Amino acid sequence: MSLLKLQGVKKIYQQGRVEVEALRGIDLEIEAGEFTSIGGPSGSGKTTLLNMIGCLHRPTIGQIIFDGDEIEKLPKEELAMLRRHNLGFIFQDYNLIPVLTVYENVELALRLLGDVEKKEIKERVVNILKSVGLGDYINRKPNELSGGQKQRVSIARALVKEPKLVLADEPTANLDSKTSEDVLEVMLEMNQKLTTTFIFSTHDPQVMEYAKRLLTLKDGKIIEDRKNS
Amino acid sequence: MFLAKLALKNLTRHKRRVLITASIIALGMAMFLIYDSIQTGLNELSFANIINLETGHIQVVDKEYWEQREKLPLKNLIAQSENLSSVIKEIPYFKAATPQLKFSANLNNGIDQLPVLACGIDSMTYSQVFTTKDYIIEGSMFNQGKQETILGKKLANLMDLKVGDYLTLIFKTKTNTFNTIDLKITGLLQTNNPKINENLVYLPLSLAQQSLNLEGKITGMTIRLKEDGVAQQVSEDLNQSLASLDNKLAAHSWRASAGEVIAMSKAETAEKLTIMSLILLMAAVGIVNTIILSSLERTKEIGMMKALGLKENEIIFIFMVEAMGIGLIGAILGSLLGSLVILYFNLYGINLTALLGGVGDWGLPVMGRLYGYWNLSAFIFVIAFGVIISLLSSILPARWVARKDPIEAMYGIHN
Chain D
1 MSLLKLQGVK KIYQQGRVEV EALRGIDLEI EAGEFTSIGG PSGSGKTTLL
51 NMIGCLHRPT IGQIIFDGDE IEKLPKEELA MLRRHNLGFI FQDYNLIPVL
101 TVYENVELAL RLLGDVEKKE IKERVVNILK SVGLGDYINR KPNELSGGQK
151 QRVSIARALV KEPKLVLADE PTANLDSKTS EDVLEVMLEM NQKLTTTFIF
201 STHDPQVMEY AKRLLTLKDG KIIEDRKNS
Chain P
1 MFLAKLALKN LTRHKRRVLI TASIIALGMA MFLIYDSIQT GLNELSFANI
51 INLETGHIQV VDKEYWEQRE KLPLKNLIAQ SENLSSVIKE IPYFKAATPQ
101 LKFSANLNNG IDQLPVLACG IDSMTYSQVF TTKDYIIEGS MFNQGKQETI
151 LGKKLANLMD LKVGDYLTLI FKTKTNTFNT IDLKITGLLQ TNNPKINENL
201 VYLPLSLAQQ SLNLEGKITG MTIRLKEDGV AQQVSEDLNQ SLASLDNKLA
251 AHSWRASAGE VIAMSKAETA EKLTIMSLIL LMAAVGIVNT IILSSLERTK
301 EIGMMKALGL KENEIIFIFM VEAMGIGLIG AILGSLLGSL VILYFNLYGI
351 NLTALLGGVG DWGLPVMGRL YGYWNLSAFI FVIAFGVIIS LLSSILPARW
401 VARKDPIEAM YGIHN
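In structure tokens:
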């Protein structure tokens, strides 16, 4: 069974009196362990699609099945719990909490799970930070880190709870090409090591090439779905 | 616990803003504490002055006299008797009792005349019930049986009298005929009760009784107890004992004579509540403003938190703890500021005589130096109030924040 299945997903936004169709019928299946990129020009619906998959918005029409659950049927609180336990997010702007240290930013994701022992939390946070190359930065505050380092913290925060799916919206958009490569290498390594499923959006062809499966969106529709050799 | 820690750390984001909001709360809280301290001090001083200088703890008088007491009638007086003294001495917490005979008179210095309240007292027992003697600032207490008097220095100054001078009291006797007594001034008083300083002339009880043709009669017996707080209960018990002795007699606790002061105290409590409401409003506006500003600045972060799986209640909790933190800082700062001012008032007091310039008495029987009163319950109330109000006023803005759509929050769309 696939980890994620989208059937005829449409998303229509109301902008004043105008209806904007951001997604125009998406059919998609994602298997566990995939490393998939969503490409396409600005306004093609990449972010909207990621938000749908991330259970942050419900489709106007269509069905999204995540790990056997039809997400449009779940109430708000259950969606929050589904995100808490099964999904990791990596944001373009990192969205780290400035008053928390690197360690605490990552710890937050684990603390929310509620049933992890303090000792285990420490072990997992330190290990994941070492894995993303930030073992020596655990007591730093986000404002003491470079853009690449911040994105690594964001990756560590998404991965520390070992989610089934990690969604990354333009994770390298604010980074230079060298740092972007580093960040993608880390994501790829984590995908291979932890067999975590990754879906990330980008409009940078160079970044897209890291993906094993490439989806291209245009005007709210998938116009290309191919394996990357 | 982690979310509470996060909320408290959030207070360090905009230290200046937090400090300004907390300072507004602190200022209001300090004002309340200082007002409470002065008001409580004023009440305590008023009550102490009434007990120590006017009424003692309990007065035993004729029931009909009590109704007319303001007019100082020479009717419905009570007889000094051993039986009455025995009943009084048997009451619990009894310390001392003294007879008084009050009457209205005109004080004449040979040139001018002024209406006064004359009070015949037994100087020995009077000093066991009242502290009046402690306020003699010139001369000494008169000798029982002699034609001597003490009076307030302010009254003496007004009538241009001093120790050693003679004054004349003109009054009507029991039979409604005029009589006069010449009295030598042996002492001048300056008490904390303006009524006594301006209006009272003390003379020996036996002389007053003789001059009024009221031998053996008194307007009442005044009782001093060993404790202040039991007066009401003891006067009720005494009433039962008096009923078997003479059903015309009644005992009244000092509170019955302090109606005006108690009414003023209640009015001050209403003022205190008004001040508290203003503080409440100030605190609520400050907190709501801070929470809304914080949420507008942190919309992306809130979106991220929702993406991480935080529930609305957990986000509300974070903002509520932040608001409580601000309230607590404000309340603690307010308590510290209030404590400093109260400490000053407690050590040095406020000179009411200088403040009022001898003009009036605020309607309260207080003069001299007013000291601030430490009211621990007011401090506990202020801290709890600061925290609770901050918490309550944060609920609505926190709910507004928490209900934001995660996508709109992350992309900074404000509705």
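Listed in order, the protein sequences are those of chains D and P. Residues 1 to 229, numbered by full-length UniProt numbering, are exactly what the first sequence covers, in order. Residues 1 to 415, numbered by full-length UniProt numbering, are exactly what the second sequence covers, in order. Ideal Cβ placement from N, Cα and C applies to all residues, glycine included. Remember, predicted model here, so these are calculated numbers, not experimental data.
Alpha carbon to alpha carbon, how far is Q144(P) from V201(P)? Rounded to whole angstroms, Q144(P) to V201(P) spans 15 angstroms at the Cα level.
Going by CA-CA distance only, name the one from D134(P), I342(P), R69(P), F47(P) that's closest to D228(P). Ranking the options by Cα distance to D228(P), first place goes to F47(P).
Going by DSSP in three states, H85(D) sits in which element: helix, strand or coil? Helix.
For the ligand HEM, I want to know if L3(P) counts as a neighbour, meaning its beta carbon is within less than 7 angstroms of at least one of the ligand's heavy atoms. As far as ligands go, the structure on display features none, and thus does not contain the ligand HEM.
Rounding to the nearest angstrom, what Cα-Cα distance links T60(D) and I30(D) in this structure? So the two alpha carbons sit approximately 21 angstroms from each other.
Do the stretch 71-90 of chain D and the stretch 153-165 of chain D make contact, defined as three or more Cβ pairs closer than 8 angstroms? Yes: at least three Cβ pairs fall under 8 angstroms.
Determine, using beta carbons only, whether N10(P) comes closer than 8 angstroms to chain D. Nearest CB-CB separation between N10(P) and chain D: below the 8 angstroms threshold.
Can you tell me whether V359(P) is buried or exposed, with buried defined as 16 or more other CB within 10 angstroms of its CB? For V359(P), the pLDDT reaches just 48, beneath the cut-off of 50, and the residue's location in the model is therefore unreliable, although a value from the coordinates is still provided. Classification for V359(P): exposed.
Would DSSP call residue 495(P) helix, strand or coil? Since the first residue shown for chain P is 1 and the last is 415, residue 495(P) is missing from the structure and cannot be characterised.
Going by other Cβ atoms of all chains shown within 10 Å of its Cβ, with 16 needed for buried, is S377(P) buried or exposed? The residue is exposed, with fewer than 16 neighbouring Cβ atoms inside 10 Å.
Which class does G8(D) belong to by DSSP, given the choice of helix, strand or coil? Strand, per DSSP.
Would you mind giving the Cβ-Cβ distance between K162(P) and E198(P), rounded to the nearest angstrom? I have them listed as a contact below 8 angstroms. Taking a contact as a CB-CB distance under 8 angstroms, the pair K162(P) and E198(P) does not count as one, their CB atoms being some 17 angstroms apart.
From L293(P) to S44(D), what distance separates their C-alpha atoms? In this model, L293(P) and S44(D) are separated by some 34 angstroms (Cα to Cα).
Using DSSP with H/G/I as helix, E/B as strand and the rest coil, what is L278(P)? The answer is helix: DSSP assigns L278(P) an H, G or I state.
At 7 angstroms on the CB atoms, spell out the chain P contacts of E181(D), in chain order. Here the premise fails: no neighbours, minimum Cβ distance about 25 angstroms.
List the whole-angstrom C-beta distance separating R83(D) from L308(P), where the pair is believed to meet the contact cut-off of C-beta under 8 angstroms. Contact between R83(D) and L308(P) holds, with the beta-carbon distance rounding to 7 angstroms and staying under 8 angstroms.
What does a CB cutoff of less than 6 angstroms around V61(P) pick up in its chain, not counting 5 residues either side in sequence? Taking V61(P) as the centre and dropping the five residues before and after it, the same chain places the C-beta of G220 closer than 6 angstroms to its C-beta, in chain order.
Contacts that A109(D) makes with chain P (C-beta to C-beta distance below 8 angstroms): What A109(D) touches in chain P: L308.
Sorted by chain position, which residues of the same chain lie with C-beta nearer than 6 angstroms to A97(P)'s C-beta, five sequence neighbours on each side aside? Excluding positions up to five away in sequence, the list reads I88, M221, I223.
Looking at the C-beta of A173(D), does it have a partner C-beta in chain P at a distance below 8 angstroms? Not a single CB atom of chain P sits nearer than 8 angstroms to the CB of A173(D).
With DSSP run on the structure shown, which of helix, strand or coil describes A211(D)? Coil at A211(D), not helix or strand.
Please give me, in chain order, every unbroken run of the alpha helix (DSSP H) with length at least 4 that falls completely inside the stretch 275-333 of chain P. Entirely contained in the stretch 275-333 of chain P, the alpha helix (DSSP H) runs reaching 4 residues are, in chain order, 299-308.
Starting from E301(P), find everything on chain D with Cβ-Cβ shorter than 8 angstroms and list it in chain order. Correct list: N95, I97.
What separation, rounded to the nearest whole angstrom, lies between the Cα atoms of I78(P) and K217(P)? Rounded to whole angstroms, I78(P) to K217(P) spans 6 angstroms at the Cα level.
Taking just the CA atoms, how far does I350(P) sit from L369(P)? Residue 369(P) is actually Arg in this sequence, not Leu. Per the coordinates, the alpha-carbon of R369(P) lies some 5 angstroms from the alpha-carbon of I350(P).
To the nearest angstrom, how far is it from the Cα of F385(P) to the Cα of K272(P)? In a straight line, the C-alpha of F385(P) is about 14 angstroms away from that of K272(P).
Which residues in chain D sit within 7 angstroms of K311(P), going by Cβ to Cβ distance? Under the 7 angstroms cutoff, chain D gives E77, A80.
In the DSSP assignment, find the unbroken beta strand (DSSP E) run with R111(D) in it and report its ends. Run containing R111(D): none in the beta strand (DSSP E); it sits in the alpha helix (DSSP H), 102-111.
Please return the same chain residues whose Cβ sits closer than 8 angstroms to the Cβ of L278(P), not counting the five positions on each side in sequence. For L278(P), where only same-chain residues beyond five positions count, the Cβ hits under 8 angstroms are G28.
What's the gap between the Cα of R226(D) and the Cα of I199(D)? Taking the straight line from one Cα to the other gives about 14 angstroms.
Residues of chain P with CB under 8 angstroms from N51(D), in chain order? Under the 8 angstroms cutoff, chain P gives I407.
By DSSP, does N49(P) sit in helix, in strand, or in coil? In the structure shown, N49(P) sits in a helix (DSSP, three-state: H, G or I).
Buried versus exposed call for R17(D) [16 or more other C-beta atoms within 10 Å across all chains shown]: Classification of R17(D): exposed, given that the 10 Å Cβ count is below 16.
Out of N95(D), M208(D), E117(D), G220(D), which one is the CA nearest neighbour of E181(D)? That would be M208(D), whose Cα lies nearest to the Cα of E181(D).
Selection of the stretch 9-31 of chain P by Cβ proximity to chain D, strictly under 8 angstroms: Those residues of the stretch 9-31 of chain P that come within reach of chain D (Cβ to Cβ, closer than 8 angstroms) are K9, N10, T12, R13.
Evaluate the contact criterion for the stretch 110-119 of chain D versus the stretch 142-154 of chain D: three or more CB pairs, one atom per stretch, below 8 angstroms. The stretch 110-119 of chain D is not in contact with the stretch 142-154 of chain D.
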